[in-house]
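Read in order, the letters of the sequence shown are residues 4 to 418 in this note's numbering.
Note that CB positions come from ideal geometry on N, CA and C, so glycine has one too.
Presented below is the structure to which this report refers.
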Amino acid sequence: MTEEKKIARRKIQATVRMNELMSDYFYDLNEAAKSSNRKVAWCTSVGPAELLRALGFAVHFPENHAAMLGATRTSTDLIPEANAIGYSPDICSYLTADIGAYLKGFTPLAKAYPGIESVPRPDVLVYNTNQCRDVQDWFAWYSKELDVPIIGVTSPKNVNEVTGAHIDDVARQIEALIPTLEEISGNKLDMERLKEVVSLSRDCTELWKKVLETATVSPAPLTFFDATIHMGPAVVLRGTREAVEYYKLLLAELEQRIAEGVGAVDGESVRIYWEGMPVWGRLRQHSELFSGFHATVIASTYCSSWIFPAFDGDDPIRSMAKAYLELFIVRSDDYKGGYIMEMLKKFNIDGIIYHDAKTCPYNSNNRYGLPQRIEAETGIPSLVISGDLNDLRCISDEQTKTNIEAFIEQLEEGK
Ligand code: SF4
């Protein structure tokens, strides 16, 4: 029987700076929403944030807000509010938690950042359906509710190879957004500024990749659970100098850990890959559960999805289109299988956990035989856990614990 011990993850010192950065970001958004000179755009996580930033918008990401609702474990009580107005409990629990929070007049920002009373009111809602249709439905609801324009990009799905035709299509859609955004922002798009923002996004992405790849070393200096928190600036501040500076700081700390042979968790014995969304309301419990068995979840598709190698300041719009299309979630199962197998090799993985998130089929890659195909090809065992990103009613903690414990035992025996 594998013995469970209480082992905590080592604290990352750079967290203090990250918290300052996130605080500055939310207060700035709050100011922008109150000011008559600045405009606020809401944007989906891999929507055209670079374009919005270059046009001077303050950019709010509702998915980030929804993840905060999950992490603060307030989402489960808010979801029924959205269910009551017709949004099924089976659809995206980011959407239902966020709309539920709006209907209840609640935001975790108010507690975290005194003086902020609500999420910033948008002047425009900008989506990209590269990840799912739910984001468009989500923004469409706010558009009606707040009488705010909604525009966006309709992306191809299940793409195997990203071709020139795909890029042309999305680049043209991005260009078509510009006149409306110029009118709403009151600013003409400055191409030089867009190039600068895209270059900063590229720098951010390269540093974030280096941060995640520190976990190729054993013992890994950071875990998936650290990465879900420290990806904050890459999500909400990509295209800014502050994000770039932050990842330099974080990378230096992790490189120092490597030089000293210090792991994020003491006594790393098995190395696990996480495929799918995090369970936001269980980050700490899951982290402790794995580290208690000396298992380290060291890499994930989710955190790696904020690596966009295509960004190129010399060709801003086409490179944005390419970056948004090359995203894992947009791709075919063949591509996904190849990608995951490369990650298993790169990070020297012993086992894979697939999180089957009840309300997000798009990020649950266990439903069409992919785990079986990967296991047959690599011999690396996997476990599917049922759960959800935000709706804690879909989770059985006891069952998760029992299954994970048995899985780690299996991995240890196989080593
Ligand atoms: S990808 Fe999943 S979690 Fe993200 S917005 Fe779409 S349905 Fe929700």
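query	result
Distance, A302 Cα to T75 Cα	23 angstroms
Residue span of the alpha helix (DSSP H) that contains I275, given as start and end	Unbroken run through I275 is the beta strand (DSSP E), V273 to E278; no alpha helix (DSSP H).
Closer than 6 angstroms: N131 CB and nearest ligand 1 heavy atom	no
Cα-Cα separation between G270 and G284, rounded to whole angstroms	26 angstroms
Ordered list of alpha helix (DSSP H) runs contained in the region 189-262, each at least 4 residues	194-216, 227-233 and 235-239
Residue of Y327, C397 and I383 minimising C-alpha distance to N351	I383
Q134 beta carbon near ligand 1 (any heavy atom closer than 6 angstroms)	yes
R1 (DSSP reduced to helix, strand or coil)	The structure shown has nothing for residue 1, since the chain only spans 4 to 418.
Boundaries of the beta strand (DSSP E) in which T47 is found, first to last residue	First-last for T47: undefined, no H or E at that position.
Three-way DSSP call (helix, strand, coil) for D315 in this model	coil
Inter-residue spacing [alpha-carbon to alpha-carbon] between T405 and Y90	33 angstroms
Where K339 falls, given that 16 or more other Cβ within 10 Å makes a residue buried	buried
Alpha helix (DSSP H) segment containing D140, residue limits	D137 to L149
Collapsed DSSP secondary structure at Y357 in the structure displayed	strand
Through-space distance from L225 to M4, alpha-carbon basis	At M4, the pLDDT of 49 sits below 50, so the modelled position is not reliable; the number obtained from the coordinates is stated separately. One C-alpha to the other measures close to 27 angstroms.
Of the listed residues Q402, R274, K213 and R196, nearest to T251 (C-alpha basis)	First, the amino acid is wrong: residue 251 is Lys here, not Thr. Closest by alpha carbon: K213.
Separation of D137 from Y28, as counted between CA atoms	26 angstroms
CB contact flag (A246, L240, <7 angstroms)	yes
V138 beta carbon near ligand 1 (any heavy atom closer than 6 angstroms)	yes
Proximity winner among S307, C306, T304 and A324, relative to A313 (alpha-carbon distances)	A324
For I377, the three-state DSSP class (helix, strand or coil)	helix
Sub-7 angstroms separation of Y97 and E66 beta-carbons	yes
Those residues which DSSP pairs with H63 across a bridge	W45
Heavy atom of ligand 1 within 6 angstroms of Y365 beta-carbon	yes
Inter-residue CB distance, I388 and I343 (contact presumed, cutoff 8 angstroms)	Wrong, their Cβ atoms sit about 17 angstroms apart, outside the cutoff.
Three-state class that DSSP yields for T79 in the structure shown	helix
Status (buried if at least 16 other CB within 10 Å, exposed otherwise) for D317	exposed
CB of H424 within 7 angstroms of CB of L32, strictly	Residue 424 lies beyond the stretch modelled for the chain, which goes from 4 to 418, so this question has no answer here.
Where Y276 falls, given that 16 or more other Cβ within 10 Å makes a residue buried	buried
Reduced DSSP secondary structure (H/G/I, E/B, other) of Y371	coil
Three-state class that DSSP yields for I153 in the structure shown	strand
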